[in-house]
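Taking it in order: structure first as C-alpha cells, then the write-up.
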Amino acid sequence: MPFHEMFEPDGSIRPCYAEVQNWVERTGVAGLNRRMDEAEAIFRRIGITFAVYGEGGDPERLIPFDLLPRIFTAQEWRVLDKGIRQRARALNAFLHDVYHRGEIVKAGIMPADIIYQNSAYLAEMVDFTPPGRVYSHIVGIDIVRTGPGSFEVLEDNCRTPSGVSYMLENREIMTRMFPELFAQGIVAPVDDYPAELLKSLKEVAPPACKGDPVVVVLTPGSLNSAYYEHSFLADLMGVELVEPADLFVDEDRVWMKTTLGPKAVDVIYRRIDDEYLDPLAFRPDSLLGVPGIFNVYRKGGVTLASAPGSGIADDKAVYVYVPEMIRFYLGEKPILDNIQTWQCAKPDERAYVLEHLDELVAKEVHGSGGYGMLIGPQSTKDEVAAYAERIRANPVEFIAQPTLDLSTVPTLGPASVVGRHADFRPYCLVGKQIRLVPGGLTRVALTEGSLVVNSSQGGGVKDTWVLQD
Amino acid sequence: MLSRTAENLYWMARYMERAESTARLLTMGQRMAILPGAHHRDEWRSVVRATGAGHQFPEGAQVTETDVVSFLMLDLDNPSSIRSCLLKARSNAKSARTMLTQDMWEALNDGWRKLDSYDVAEARQHLPELIDWVKTRVMTFRGATHSGQLRNEGHDFLRCGSALERAQMTLRLLDVKYYVLLPETEVIGGNRDHYQWTSVLHALSGSRAYHHVYGGTYTPWQITDFLMLNRLFPRSVAYCYTQLAYRLNRLAGWHDARSEAHDTVQEMVEGLEQIDSGEIFRIGLHETVQSGLRMTNRLGAEIAQAYHFG
Chain C
22 MPFHEMFEPD
32 GSIRPCYAEV
42 QNWVERTGVA
52 GLNRRMDEAE
62 AIFRRIGITF
72 AVYGEGGDPE
82 RLIPFDLLPR
92 IFTAQEWRVL
102 DKGIRQRARA
112 LNAFLHDVYH
122 RGEIVKAGIM
132 PADIIYQNSA
142 YLAEMVDFTP
152 PGRVYSHIVG
162 IDIVRTGPGS
172 FEVLEDNCRT
182 PSGVSYMLEN
192 REIMTRMFPE
202 LFAQGIVAPV
212 DDYPAELLKS
222 LKEVAPPACK
232 GDPVVVVLTP
242 GSLNSAYYEH
252 SFLADLMGVE
262 LVEPADLFVD
272 EDRVWMKTTL
282 GPKAVDVIYR
292 RIDDEYLDPL
302 AFRPDSLLGV
312 PGIFNVYRKG
322 GVTLASAPGS
332 GIADDKAVYV
342 YVPEMIRFYL
352 GEKPILDNIQ
362 TWQCAKPDER
372 AYVLEHLDEL
382 VAKEVHGSGG
392 YGMLIGPQST
402 KDEVAAYAER
412 IRANPVEFIA
422 QPTLDLSTVP
432 TLGPASVVGR
442 HADFRPYCLV
452 GKQIRLVPGG
462 LTRVALTEGS
472 LVVNSSQGGG
482 VKDTWVLQD
Chain L
105 MLSRTAENLY
115 WMARYMERAE
125 STARLLTMGQ
135 RMAILPGAHH
145 RDEWRSVVRA
155 TGAGHQFPEG
165 AQVTETDVVS
175 FLMLDLDNPS
185 SIRSCLLKAR
195 SNAKSARTML
205 TQDMWEALND
215 GWRKLDSYDV
225 AEARQHLPEL
235 IDWVKTRVMT
245 FRGATHSGQL
255 RNEGHDFLRC
265 GSALERAQMT
275 LRLLDVKYYV
285 LLPETEVIGG
295 NRDHYQWTSV
305 LHALSGSRAY
315 HHVYGGTYTP
325 WQITDFLMLN
335 RLFPRSVAYC
345 YTQLAYRLNR
355 LAGWHDARSE
365 AHDTVQEMVE
375 GLEQIDSGEI
385 FRIGLHETVQ
395 SGLRMTNRLG
405 AEIAQAYHFG
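Chains as they are written, first to last, in this note's numbering: chain C, 22 to 490; chain L, 105 to 414.
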C-alpha cells in the first residue's frame, strides 16, 4: 500500500489531518460535494481557466478543484524549504558555469555532450552574466512523496513554471467558502507571493535602469493556455501585461508603446519560450518576438526573467546530475533526493530499461505536460513493445524511472473520501535573496490508481496547507 | 497605458453598446412586424438597414424574421451580430484584463457561450427572453463600470467607445426611419405613424422620456429635435457628441496633447449647437444624418491615430 497522507496504516488519523477530519464529519461528504459545485461555479465566473488546443468542445476549461487540502506539518516544511532553496542555488550556479568556464565538465562530473549537444543549450549566452548572476528567477520543483519522511524530486522547472495562480486562487476560494477552517490561524499564508515576486524582479534590474525599475509581464497573448495566470500575476503585482507587439527596441533600450508615447522597460518577466523571443537572434520565422531584444539584453539595457538558455538546467538528462551539482558548487549534502533514473544513452542502463520496461516509467528527455511518456505497468504489451522500438531508434532522447509508490492524498469522491496520487510544486523565487512562500501547487490524479497528475491529462488541483508551529 | 489596452477598452465598449442596440432593434422589429400592413412595408429590412448591413439582403425579396434573428442574433460571420459582439467584447476584455475590475470581467464572462446553444428556431421562440438577457448583460457591465472602474484614462477610452457607437446607432436609426418621420409620406397623426414613432423611440428606450419633454404628441420635428438635439436624453446625438468632447478633453489633459480628433469633435458639437430642427428639415434630415455619420467615422479614425491604436 502506498503511503497515505491522512491515515496511518492502522486506519487512525495522522495528527496534522485531525482538523480536516472533524470538518469532513461535521459537513458530510454529500454536503462537501454540494460546496464543490459552488466552488466550480465561482471558478467559472471569475474565469480561472486554461486553454486546451485542438480538442473541440469548450476551448477554456476549468481544472477540477478538490476541496480537501493537502497538508504539510511545520517540521516537514522546514526540510522541504531548505531542500528547495538549496536546489535553486545549485541550478543557478550550474547555469553560470555552463555559460562560462564549464568547471563541472572539466572536473569530470558531467559529460560534455549532455550539455553542449543539448537543444536547450544556447551558445548566444556564452560569456554573458545576467544581473545578479541570476538565470532562473522562478524555480518550480516537482516533488513527490513515497513515505513518512521521504520526499523526492521528480523534475526541475527553470524556465517558466506555471500554476502559481492556482496556488493563490485555491487558497482564496477555500478561505471564502470555509472561513472557519482558517479562523484558528494554523495555516501559513501564501498571499504575499506576488509582492515577493515583484521584489525579486526589481532586485535584478539591469545596469541601464535609473530609479524604480519598470517591470512588465510578457505574454504570447490571450489565446495562450496560461494567459489567465499571466494577467493574474501582472494584476496582483500592479504592472503592465504586455504582448510582443507592444514592445520595440531603440537606442539599446526596450520600450513599450503607450498612449503617452514610448516608455522604457527594465525587467521583463517573460512567459514566452526562448526561441520565440527575438526573431533576429533566434527563430527568424517567429511572429511573436521583439526584434533586437536579445542584443539589448546582452548590453545590459533590460533584464529577461528567466534568462534565455535556462532550459539546460531543467532538461531531464541533466536532472540526473543535480545532486552532484549541489555537492560540487555548494559543497553541501543534497537535502532532497532525486528519483533513481536510468539514462538510455548509456548502453548498460539502456539494456536494463529495455529488459524491465513493463515495470518502469519511461519519458522523453524534452517532453513535458505528461505527453510522450510510458507507464509500463499500466500499458499493454504492444504499447511497451512500440515504445521499446522508439528507445532503440533514438536512445539519447529517453530516460526511465521506477514506478514509484507515490503517496495518496485524501480526495473527495461521490460517496466517501478516497486516496489519490498527487505531486507538489513549490515556487522558489531568486533575486538578490531567495524567497519561498510556505505552500505550492498540489496536483492530484483524479482517477483511481492513476499516476498522471497533469492538467492536460485530466488531473486536478487542491489547496496546500503548511501548518504553523 | 499601453495603446493596445486603450484600443481594447474602446472597442470592448463599442461592442457592448452595439450588442444592446441590436437587441433593441430586434424588439422594434417585432413590434412593427405585428402592425397591420407590415408585410408590404418589409419592416425587417429597415431593422437590418439600421445596423448598417442592409446591402447584405438583396432588394426584391422579403426579409423575414428568421433571416434577421439568424443574421443579427446568431451569425458569427456577421461581425455585428449580438453573438459576435459579445464574444469580441469578451476577447477585448481578456486582452485588457488588468484594466478591468473583477465585476466588469464577471459581467462579460458570465454565460459568454450562451448563444452557442441556440439555433434560429429556438432563438425566435425565446426571442424576448434572449433580448432581455442581452440587455441585462450590458447593463450589468455598464453598472460595474460606473461603480467600480478607476476614473483614469482607461475609463475615458471606454466611454469614448460607447458614446461614439451610440451616436452612430441613433443616426442610422434616424436615417432608416426618416421617410416615416416626413409628413409627405403619411397623414400625420394616423395610427400607423403613432406606432412607428413609438417603435423608434422604444428602440432607443426613449418613449417615456419623450413624453416628459414634449407631452403626448408626435411630430417629425419634435422627434428629430429629441433624437438629434436634446441635451438631456442620453441617446441623443447631441448628448453623445458632448460626451465625446468631454472624454477627449480629459484625454488631452492626461496627455497634455491635442490632436485632430479634438478639433473634429469640437466642430461636431458646435455644428449641432447652431442648428434647430426646422433648420435640419430645410437642409434635409437625410443629408444631416449622412454628414453626422461621416463625421463620427472620421472621428473614430482620428482617435485611433492619435492614440496609436494598432
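Ideal Cβ placement from N, Cα and C applies to all residues, glycine included. Note that the coordinates shown come from a computational prediction; the quantities given were computed from them, not determined experimentally.
Exercise. DSSP on leucine 244/C, reduced to helix/strand/coil?
Worked result: In the three-state reduction of the DSSP assignment, leucine 244/C falls in the coil class, being assigned neither a helical nor a strand state.
For this session: Go through its chain and collect everything with a Cβ distance to arginine 166/C's Cβ below 8 Å, but skip five positions before and after it.
Result: Closer than 8 Å at Cβ, skipping near neighbours: Phe24, Glu26, Phe172, Glu173, Leu427, Ser428, Phe445.
Problem set entry | serine 183/C and valine 451/C closer than 8 Å at C-beta | With respect to the 8 Å criterion, serine 183/C and valine 451/C are not classified as neighbours on the basis of their beta carbons.
Problem set entry | Beta-carbon gap between alanine 226/C and aspartate 134/C smaller than 8 Å | Result no, Cβ atoms of alanine 226/C and aspartate 134/C do not sit closer than 8 Å.
For this session: Just tell me which of Ser381/L, Asn401/L, Glu147/L has its CA closest to the CA of serine 303/L.
Result: Comparing C-alpha distances from serine 303/L to each of Ser381/L, Asn401/L, Glu147/L shows the shortest one belongs to Glu147/L.
For this session: Decide if glutamate 288/L is buried, meaning its Cβ has at least 16 other Cβ atoms within 10 Å, or exposed.
Result: Note on glutamate 288/L: pLDDT 49, under 50, position unreliable in the model; the coordinate value appears next. So glutamate 288/L ends up on the exposed side.
Exercise. Does the Cβ-Cβ distance between glycine 481/C and valine 211/C come in under 8 Å?
Worked result: Not in contact: glycine 481/C and valine 211/C (Cβ atoms no closer than 8 Å).
Problem set entry | Boundaries of the beta strand (DSSP E) in which leucine 89/C is found, first to last residue | From DSSP, the beta strand (DSSP E) with leucine 89/C extends over 86-93.
For this session: Can you have a look at lysine 453/C and say buried or exposed, based on whether 16 or more other CB atoms are within 10 angstroms of its CB?
Result: Classification for lysine 453/C: exposed.
Problem set entry | Close-in-space but distant-in-sequence residues of the same chain around alanine 109/C (CB under 8 Å, 5 per side omitted) | Short of 8 Å from the beta carbon of alanine 109/C, and not among the five residues preceding or following it, lie these beta carbons of its own chain, in chain order: Ser157, Val160, Ile162, Cys449, Val451, Ile455.
For this session: Assign phenylalanine 115/C to one of three DSSP states: helix, strand, or coil.
Result: Correct three-state label for phenylalanine 115/C: helix.
Problem set entry | According to DSSP, residues forming a beta bridge with phenylalanine 445/C | The partner list for phenylalanine 445/C (beta bridge, DSSP) reads Ile164/C, Thr463/C.
Exercise. Does the count of Cβ pairs from the region 260-268 of chain C and the region 326-337 of chain C closer than 8 Å reach three?
Worked result: Judged by Cβ distances under 8 Å, the region 260-268 of chain C makes no contact with the region 326-337 of chain C, as fewer than three pairs qualify.
For this session: Whole angstroms is fine: what's the gap from glutamine 253/L's alpha carbon to proline 228/C's?
Result: Rounded to the nearest whole angstrom, the CA to CA distance from glutamine 253/L to proline 228/C is 37 Å.
For this session: Would you kindly work out how many angstroms separate the C-alpha atoms of aspartate 484/C and methionine 188/C, rounded to a whole number?
Result: Going from the Cα of aspartate 484/C to the Cα of methionine 188/C covers about 7 Å.
For this session: Could you tell me which uninterrupted alpha helix (DSSP H) segments, each at least 4 residues in length, are contained entirely in the region 170-230 of chain L, listed from first to last along the chain?
Result: Every alpha helix (DSSP H) of 4 residues or more that sits fully in the region 170-230 of chain L is shown, in chain order, as 186-199, 206-213, 224-229.
For this session: Taking threonine 196/C as the reference, give the member of Pro90/C, Tyr142/C, Asn43/C with the closest Cα.
Result: Closest by alpha carbon: Pro90/C.
Exercise. Below 8 Å, can you find three or more Cβ-Cβ pairs linking the region 121-130 of chain C to the region 132-141 of chain L?
Worked result: By the C-beta criterion, the region 121-130 of chain C is judged not to be in contact with the region 132-141 of chain L, since fewer than 3 inter-stretch pairs fall below 8 Å.
Problem set entry | Neighbour flag for serine 243/C against chain L, beta carbons, 8 Å | By this cut-off, serine 243/C is an interface position.
Exercise. Hey, is methionine 511/C's beta-carbon within less than 8 Å of any beta-carbon in chain L?
Worked result: Chain C is shown only over 22 to 490; residue 511/C falls outside these bounds and no answer can be derived.
Exercise. So what does DSSP say about threonine 323/L, is it helix, strand or coil?
Worked result: In the structure shown, threonine 323/L sits in coil (DSSP, three-state: anything other than H, G, I, E or B).
Exercise. From tyrosine 214/C to valine 237/C, what distance separates their C-alpha atoms?
Worked result: One C-alpha to the other measures close to 16 Å.
For this session: Leaving out five residues on either side along the sequence, give the residues of the same chain with a beta carbon under 6 Å from the beta carbon of valine 487/C.
Result: If we look at valine 487/C and ignore the five residues flanking it on each side, its Cβ neighbours are Phe93, Trp98, Ala209, Pro459, Gly460.
Exercise. What whole-angstrom Cβ distance do tyrosine 142/C and isoleucine 333/C have, given they're in contact under 8 Å?
Worked result: Right, the Cβ-Cβ distance comes to about 5 Å (below 8 Å), so this counts as a contact.
Exercise. Unbroken alpha helix (DSSP H) runs of length 4 or more, entirely within the region 345-403 of chain C: which are they?
Worked result: Listed in chain order, the alpha helix (DSSP H) elements of length 4 or more contained wholly in the region 345-403 of chain C are 368-377.
Problem set entry | glycine 396/L and valine 341/L closer than 8 Å at C-beta | Yes. Within cutoff.
Exercise. Are the beta-carbon atoms belonging to tyrosine 114/L and alanine 193/L less than 8 Å from one another?
Worked result: Going by C-beta atoms, tyrosine 114/L is not nearer than 8 Å to alanine 193/L.
Exercise. From what residue to what residue does the beta strand (DSSP E) around tyrosine 290/C run?
Worked result: Start and end: 288-291.
For this session: Determine the DSSP secondary structure at glycine 170/C, reduced to helix, strand or coil.
Result: Of the three classes helix, strand and coil, the one that applies to glycine 170/C here is coil, per DSSP.
Exercise. Applying a beta-carbon distance threshold of less than 8 Å, which residues of chain L neighbour serine 252/C?
Worked result: Those within 8 Å of serine 252/C in chain L are Lys198, Arg201, Thr202.
Exercise. Within the 8 Å Cβ cut-off, does alanine 365/L reach chain C?
Worked result: No, alanine 365/L lies away from the interface with chain C (no Cβ there is under 8 Å from its Cβ).
Exercise. Should aspartate 380/L be flagged as near chain C, meaning a C-beta pair shorter than 8 Å?
Worked result: For aspartate 380/L, the nearest beta carbon of chain C is not closer than 8 Å to its own beta carbon.
Problem set entry | glutamate 226/L versus Ala200/L, Met177/L, Leu204/L, residue with shortest Cα-Cα distance | Of the listed residues, the one whose Cα sits closest to glutamate 226/L is Met177/L.
For this session: Spatial neighbours of proline 300/C within its chain, please: CB distance less than 7 Å, with the 5 preceding and 5 following residues excluded, ordered by chain position.
Result: Counting only residues of its own chain and dropping the five nearest sequence neighbours on each side, proline 300/C has a CB closer than 7 Å to the CB of Ser307, Gly310, Pro312.
Exercise. To the nearest whole angstrom, what separates the beta carbons of arginine 362/L and aspartate 260/L, a pair I think is in contact under 8 Å?
Worked result: No, arginine 362/L and aspartate 260/L are not in contact; Cβ-Cβ is about 14 Å, not under 8 Å.
Exercise. Of all the alpha helix (DSSP H) runs that stay within the bounds of the region 226-285 of chain C, which reach a length of 4 or more residues?
Worked result: Complete alpha helix (DSSP H) runs here, min 4: 248-258.
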